[in-house]
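**Student:** Line by line, the protein sequences give chains P and A. Numbering-wise, the numbering used here puts 288 at position 288 of the first sequence, and it's gapless, one number per residue. Count along the second sequence starting at 1, add 1000, and that's the number in the numbering used here. Just so it is clear, CB atoms sit at the ideal spot from N, CA and C, and this is done for glycine as well. This is the structure, below, for whatever I ask next.
2 protein chains.
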Amino acid sequence: MNLKELSALLNLSQTTVSRALNGYPEVSEATRERVGKAAREHNYIPNTRAQGLATGRTHAVGHVIPLSTKHEVVNPVFTDFIAGASEIYAQENYDMHLTVVPDTNEEAAYRKIASKGSVDGVIVHGPVENDPRINLLQSIGMPFVVHGRSNTEVDQDYAWVDMNNKRAFERATKFLIDLGHRRIGLLNGLESMDFAIRRRAGYQSALDAAGIATDPSLCRSEEMTEDYGYESTMAFCARDTPPTAILASSIIVGIGVRRACSELNLTLGKDLSLIIHDDGLSYFRNGAAASQYTATRSSVRQAGLTCAELLMEQIANPDVPKRHVLMEAELIIGSTTGPAPRS
Amino acid sequence: MNLKELSALLNLSQTTVSRALNGYPEVSEATRERVGKAAREHNYIPNTRAQGLATGRTHAVGHVIPLSTKHEVVNPVFTDFIAGASEIYAQENYDMHLTVVPDTNEEAAYRKIASKGSVDGVIVHGPVENDPRINLLQSIGMPFVVHGRSNTEVDQDYAWVDMNNKRAFERATKFLIDLGHRRIGLLNGLESMDFAIRRRAGYQSALDAAGIATDPSLCRSEEMTEDYGYESTMAFCARDTPPTAILASSIIVGIGVRRACSELNLTLGKDLSLIIHDDGLSYFRNGAAASQYTATRSSVRQAGLTCAELLMEQIANPDVPKRHVLMEAELIIGSTTGPAPRS
DNA sequence: ACAGGCTTTCAAAGCGCTTTGGTGGATTGA
DNA sequence: TCAATCCACCAAAGCGCTTTGAAAGCCTGT
């Protein structure tokens, strides 16, 4: 069922039917209702492509999700992020286009998306230091929102939604220091990523403030897998002077730490303290009642929702000033932290 | 840059340029090259929407991923599935449209997608018993591939890619029985799902073959979260006669089981045996060397890839007979299983 | 009764592409 | 030499929609 057929059926012109359905004023209430009823009855839904061609608006947004080529890994936070964003898209009747791209040629992917003209805007995932995509999109003139930030020159004005990574890790580190810990391991994400850089800065700054020298051999930076948590903990604990506490950049890394501990017969919160960053992944609810991990928590799902909102806003009105949303993480006290054991 | 501009630039008609780019024979090699070069230089990429309108082919496929309304949860296996499928889509130059839909009105979502006409085919995720979507899509005439199966009447001929869930769980259960276990807990996924039904059937059949009566209180069925594994294990172990082995439907559930064990000071593989099903999630590589979990393994990423292949095939040639791919899971022996402790 | 102003409707152009149905000119065969 | 054939190209229609510009019908007020 298309417009032509529907209007023939109603003995009206395509113009009138189209306007009736799109809420234009120059249509009498009587015919508007008649049209609406017929459309519903015949299950008429306008063809998106044609609509897009005619209006120049696609009613779709793109997400390019990077595939870590080194480990052939897709970060599981995307599911929750996307679930959040989808809520908004569903509301606004937008489609979501997904492209999974090896992180080696993301730029080409964005360029392609832009020239294909199949989306009205994009969400930029996983920004790195001085991320070239920001300049690219800006020069192309495609609306975008960054999930995270990039330390590109200050004059770059772009919309972003980020968690206060620095503050979160600063607080977590300080919390451990206050408990008496001096040797604190950091299992960070890949430090090419902006978020990881900020987290490290937070960690650093808390140590500096307490006058503790940082031991570079206690800081690791890797793709945030379970195995990474496990292997690192095993390596740490094999040292003469193992750390008494660990800061893990994701719950998944934390799970690896836990596995190592149980293998080494170390009790978390007693022999070794652990703070994780908790993205609020739906399959890993870090229980509120028996709050298992001490954690800095910030919902990635909420971030997805907010990103989508900002993007919709920008598409609707490109001249509106770019908004920035900085979410603060809560510090949740669980059972994996405790006073530093006496050495 | 669009066709019109490009052809004006080359002093050729749109027809010729279009044909040159699409590899039609009625164009001289010389002009074909000239056109190709110009297209590359000016970064010309045909507008997908216009192309779609003209051809009736959208060069896009849809994935509808169900959001469990009960727990507001999106299954993390989707990231890996989608990473696999994307490989094919990238190859074939297809777009992927994602819709996240509350599992309560999935049918409406499919109907809408179909009438919007924005995709050439869809992948059906998470089939349930007698899944209505299969009939729906068949009657609409939209090409589709099911990830999993549904026990709809036999005459329904549709393409699917599934893991041999029954066989996998039958083997796992038998493996435990052979180790002397008699009380085996089952932490299954939601038994409205087809895969969970088959897994249970496999479990059942192995017990029956060994002449062991099934204890319904040892069988649980829930959304496969970490918490579910934890809570269930705690509950199991609080019984007078706890199970000596557990079968968990995903690695995430298994992680919960492990957490409970470490809390209860039980050693996996000695005090309690555990077999998980391992989808090969990239963030949870179940290490080969120090294979941590005994597991039935089947790569969901590979499944995604195969689904995409079948779908491409079907879109290209709708009359080709529907293909079925049944993947066998490997049984990987890890360190979480051992002989049943003497009671 | 009629100019002027609304309201409601319509025909047709255009979005960027593919495809049908040509056409003009070079090549071939008799 | 002329018709037949083929090659390389083109103009225009059409995909399903929106939107511009115009027109028909209906009130007003004088």
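If you reduce the DSSP assignment to three classes, tell me which class residue 306 of chain P lands in.
**Tutor:** DSSP places residue 306 of chain P in helix when its eight states are reduced to three.
**Student:** Indicate whether the contact test is met: 3 or more Cβ pairs, each with one atom in the stretch 314 to 321 of chain P and one in the stretch 265 to 277 of chain P, closer than 8 Å.
**Tutor:** Contact fails: fewer than three Cβ-Cβ distances are below 8 Å.
**Student:** Taking residue 101 of chain P as the reference, which of P/109, P/94 and P/95 has the closest Cα?
**Tutor:** That would be P/109, whose Cα lies nearest to the Cα of residue 101 of chain P.
**Student:** Just to confirm, is the Cβ distance from residue 1220 of chain A to residue 1187 of chain A under 7 Å?
**Tutor:** Yes. Within cutoff.
**Student:** My guess is that residue 171 of chain P and residue 244 of chain P are in contact by the Cβ rule of under 8 Å, so how many angstroms apart are they, rounded?
**Tutor:** Not really, about 18 Å apart at Cβ, beyond 8 Å.
**Student:** Using a C-beta to C-beta distance shorter than 9 Å, which residues of chain A count as neighbours of residue 361 of chain P?
**Tutor:** Only positions 1 to 343 of chain P appear in this structure, which leaves residue 361 of chain P out of reach.
**Student:** Checking 7 Å against the spacing of the C-beta atoms, do residue 212 of chain P and residue 248 of chain P come in under that value?
**Tutor:** Cβ atoms of residue 212 of chain P and residue 248 of chain P: not closer than 7 Å.
**Student:** Using 7 Å as the threshold, is the C-beta distance between residue 1095 of chain A and residue 285 of chain P below it?
**Tutor:** Contact flag unset, no.
**Student:** Distance cutoff 7 Å, beta carbons only. Does residue 1130 of chain A sit that close to anything in chain P?
**Tutor:** Not closer than 7 Å to any Cβ of chain P, the Cβ of residue 1130 of chain A fails to qualify, so no.
**Student:** Excluding the five sequence neighbours on either side, which residues of its own chain have a C-beta within less than 7 Å of the C-beta of residue 39 of chain P, listed in chain order?
**Tutor:** Correct list, in chain order: 6 and 21.
**Student:** Since residue 1296 of chain A contacts residue 1278 of chain A with CB under 8 Å, what's their CB separation in whole angstroms?
**Tutor:** Rounded, the Cβ-Cβ distance is 7 Å, consistent with contact.
**Student:** Going by alpha carbons, who is nearest to residue 308 of chain P out of P/88, P/229 and P/119?
**Tutor:** Residue 308 of chain P has its Cα closest to that of P/88, out of P/88, P/229 and P/119.
**Student:** Report buried or exposed for residue 200 of chain P, applying the criterion of at least 16 other Cβ atoms within 10 angstroms of its Cβ.
**Tutor:** Per the 10 Å Cβ criterion, buried.
**Student:** Mind checking the stretch 29 to 51 of chain P against chain A and listing, in chain order, the residues whose C-beta falls within less than 7 Å of any C-beta there?
**Tutor:** If the cut-off is 7 Å between Cβ atoms, the stretch 29 to 51 of chain P has 43, 45, 47, 48, 49 and 50 near chain A.
**Student:** Do the CB positions of residue 1128 of chain A and residue 282 of chain P come within less than 7 Å of each other?
**Tutor:** No.
**Student:** Residue 72 of chain P versus chain A: which residues are under 7 Å apart at the beta carbon?
**Tutor:** Near residue 72 of chain P (Cβ distances below 7 Å), the residues of chain A are 1282.
**Student:** Please state whether DSSP places residue 1320 of chain A in a helix, a strand or coil.
**Tutor:** The answer is coil: DSSP assigns residue 1320 of chain A none of H, G, I, E or B.
**Student:** Is the beta carbon of residue 1161 of chain A sitting closer than 7 Å to the one on residue 1340 of chain A?
**Tutor:** For residue 1161 of chain A and residue 1340 of chain A, no; Cβs fall outside 7 Å.
**Student:** What residues are listed by DSSP as bridge partners for residue 221 of chain P?
**Tutor:** In the DSSP output, where bridge partners are listed per residue, residue 221 of chain P has P/188.
**Student:** Within the 7 Å Cβ cut-off, does residue 1240 of chain A reach chain P?
**Tutor:** It does not: the Cβ of residue 1240 of chain A has no partner Cβ on chain P nearer than 7 Å.
**Student:** Can you give the Cα-Cα distance for residue 1135 of chain A and residue 34 of chain P, rounded to whole angstroms?
**Tutor:** Their Cα atoms are separated by approximately 32 Å.
**Student:** With a CB to CB cut of under 6 Å and the five nearest residues on each side skipped, what residues in its chain are close to residue 1206 of chain A?
**Tutor:** Hits under 6 Å: 1170, 1173 and 1174.
**Student:** CB-CB under 7 Å to residue 149 of chain P, same chain, minus the five flanking residues each way: which ones, in chain order?
**Tutor:** For residue 149 of chain P, where only same-chain residues beyond five positions count, the Cβ hits under 7 Å are 127, 160, 162 and 194.
**Student:** Threshold first: 4 residues or longer. Then list the alpha helix (DSSP H) segments lying entirely within the stretch 1036 to 1097 of chain A, N to C.
**Tutor:** 1048 to 1055 and 1077 to 1092, all fully within the stretch 1036 to 1097 of chain A.
**Student:** Around the C-beta of residue 146 of chain P, are 16 or more other C-beta atoms found within 10 angstroms, so that it is buried, or is it exposed?
**Tutor:** Counting Cβ neighbours within 10 Å, residue 146 of chain P comes out buried, since at least 16 surround it.
**Student:** Hey, is residue 117 of chain P's beta-carbon within less than 7 Å of any beta-carbon in chain A?
**Tutor:** So, interface residue.
**Student:** Going along chain A in order, which residues have a C-beta closer than 7 Å to the C-beta of residue 78 of chain P?
**Tutor:** Residues of chain A passing the Cβ test: 1079.
**Student:** Taking all protein chains shown into account, do 16 or more other C-beta atoms lie within 10 angstroms of the C-beta of residue 326 of chain P, making it buried, or fewer, making it exposed?
**Tutor:** Residue 326 of chain P comes out exposed.
**Student:** My guess is that residue 229 of chain P and residue 256 of chain P are in contact by the Cβ rule of under 8 Å, so how many angstroms apart are they, rounded?
**Tutor:** The Cβ separation is near 2 Å, so the contact holds.
**Student:** For residue 1149 of chain A, name the three-state secondary structure that DSSP assigns.
**Tutor:** DSSP places residue 1149 of chain A in coil when its eight states are reduced to three.
**Student:** Do we get a CB-CB distance below 7 Å when we pair residue 1227 of chain A with the residues of chain P?
**Tutor:** Taking Cβ atoms only, chain P reaches closer than 7 Å to residue 1227 of chain A, which makes this a yes.
**Student:** Return the residue from the list A/1123, A/1131 and A/1198 that minimises the CA-CA distance to residue 1061 of chain A.
**Tutor:** The candidate whose alpha carbon is nearest that of residue 1061 of chain A is A/1123.
**Student:** Could you say which of P/67, P/203, P/210 and P/42 lies nearest to residue 180 of chain P if we only look at CA atoms?
**Tutor:** Residue 180 of chain P has its Cα closest to that of P/210, out of P/67, P/203, P/210 and P/42.
**Student:** Based on Cα-Cα distance, which residue from P/48, P/310 and P/178 lies nearest to residue 323 of chain P?
**Tutor:** Of P/48, P/310 and P/178, the residue nearest in Cα terms is P/310.
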